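*Asks:* Counting from 1, one number per residue, gives the positions in the sequence shown under full-length UniProt numbering.
Okay, here's the structure, questions in a sec.
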Amino acid sequence: MSGSLSFSAEDDDAGCRVLTATGTLDRKSAPKLRLTLLKALAEQPAAVLVDLARVRLTDPLALTVFTAVGRQAAMWPGIPVALCAPAPVLAAALSRGIHRRLPVHPSVVAARADIARRHVPPQTVSDELLPVAGAARHARDLVTDACVRWEIPHLVFPASLAVSELVSNAVQHARTMVTLRLSLRPRHLLVAVQDGSPDEPVIRPTPGPSADGRDGGRGLPLVAALALHWGSLPTAGGKVVWASFPLGDPAGDA
């Protein structure tokens, strides 16, 4: 008989999101676990710690959810995800094959200590934008200033152009407040635009420049062409669309 999972969440003093799962993990409950973890990633905490002490595994195939979440976390938002205190059966299953992608710790305390020792908090810039015509231009200025300050001027053009498109899309379609966040990671510049609409972004044929000739108009195909990776995740009140740009300077590699 299929089981179910319930979750509770809290944020600790270090900014880590601690998710405590209770119940049975199988193929029926795995999608709920995946969605819960992805929403936690979308909030961009310092780390996500998953307390599995009260989880009973009945179907090893359900563990693929951790592989998928680990892959997403590596692309964006680039934060640590750790599995904590699994029971012996679950711990043994997690130690095999592709399921080893995420680190497993004997307790939440041990995971928190390991993350504090191994991971340096990224440099970040964030701002709240009104859903108005000048939002994209302001976003470009923020990206330009951050790239110059972080000494990655070669990313000014692709990152500012991509952010301009993402903010323009949010202003046009979501019509809510927009949160822009930039994070400098060891190998990538990560950008994220969060709005209050749950509708997933859809790639449409490129329409060309916008009617006013200034902000946006070229859409997600341009973002896909400029970024190494891009995607979207649901949040509690809408969605976040993200993109990553490698720090390597093409001119410097020539």
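Every residue, glycine too, gets a C-beta built ideally from N, C-alpha and C.
Just so it is clear, the structure is predicted and the values come from calculations on it, not from any experiment.
Which same chain residues end up closer than 8 Å to S126 when comparing Cβ atoms and leaving out the 5 residues on each side of it in sequence?
*Replies:* So the list reads T179, L180, R181, L182, once near-sequence residues are dropped.
*Asks:* P201 and V171 - do their beta-carbons sit closer together than 8 Å?
*Replies:* Contact: no.
*Asks:* Which same chain residues, not among the five before or five after V55, have their C-beta less than 8 Å away from its C-beta?
*Replies:* Counting only Cβ-Cβ distances below 8 Å, and skipping sequence neighbours, we find L5, A21, T22, G23, T24, L25, P86, A87, L90.
*Asks:* Quick one, which of A73, L102, V69, V223 has its alpha-carbon nearest C84's?
*Replies:* Residue L102 is the option with its Cα nearest to C84.
*Asks:* Under three-state DSSP, which class holds P234?
*Replies:* Reduced to three states, the DSSP call for P234 is strand.
*Asks:* Got a sec? Which residues, its chain only, sit under 6 Å from S160 by beta carbon, not counting five neighbours each side?
*Replies:* Here the set comprises R140, V143, T144.
*Asks:* Using 10 angstroms around the beta-carbon of G238, count the other beta-carbons present and answer buried if the total reaches 16, otherwise exposed.
*Replies:* Buried: at least 16 other Cβ atoms inside 10 Å.
*Asks:* Within a Cβ cutoff of 8 Å, which residues of the same chain sit near T124, ignoring the five residues on either side of it in sequence?
*Replies:* For T124, where only same-chain residues beyond five positions count, the Cβ hits under 8 Å are R181, L182, S183, L184.
*Asks:* Could you tell me if L35 is buried or exposed, where buried requires 16 or more neighbouring beta carbons within 10 angstroms of its beta carbon?
*Replies:* Exposed, since its Cβ has fewer than 16 Cβ neighbours within 10 Å.
*Asks:* Whole angstroms is fine: what's the gap from S107's alpha carbon to D59's?
*Replies:* Cα to Cα, S107 sits roughly 23 Å from D59.
*Asks:* For residue 256, tell me which candidate among L228, T176, I203 has the shortest Cα-Cα distance.
*Replies:* Residue numbering for the chain in the displayed model covers 1 to 254; residue 256 lies beyond these limits and cannot be assessed.
*Asks:* From this set, D195, G231, L220, which residue's C-alpha is nearest A73's C-alpha?
*Replies:* Nearest of D195, G231, L220 to A73, Cα basis: G231.
*Asks:* Below 8 Å CB to CB, which residues in the same chain sit around V69 once its five sequence neighbours on both sides are set aside?
*Replies:* So the qualifying residues of the chain are R34, L37, L38, L41, V81, L102.
*Asks:* Is the beta carbon of A14 closer than 8 Å to that of R117?
*Replies:* Not closer than 8 Å, so no.
*Asks:* Unbroken alpha helix (DSSP H) runs of length 4 or more, entirely within the UniProt domain "STAS" (15 to 96): which are they?
*Replies:* Listed in chain order, they are 30 to 42, 64 to 75, 88 to 94.
*Asks:* Return helix, strand or coil for R118, following the three-state DSSP convention.
*Replies:* Correct three-state label for R118: helix.
*Asks:* Determine, for R56, whether the minimum Cβ-Cβ distance to residues of chain D falls below 8 Å.
*Replies:* Of the protein chains in the structure, only one exists, and it is not chain D.
*Asks:* Quick check: the Cα distance between A243 and V167, rounded to an integer number of angstroms?
*Replies:* When rounded, the distance between both Cα atoms is 12 Å.
*Asks:* With P188 as the anchor, note down where its alpha helix (DSSP H) starts and where it stops.
*Replies:* The sequence shown places His at residue 188, not Pro. Looking at the DSSP string, H188 is not in any alpha helix (DSSP H); the run it does join, the beta strand (DSSP E), is 188 to 195.
*Asks:* Identify every residue that forms a DSSP beta bridge with P246.
*Replies:* Answer is H188.
*Asks:* To which residues does DSSP link E128 through a beta bridge?
*Replies:* Answer by DSSP bridge pairing, in chain order: T179.
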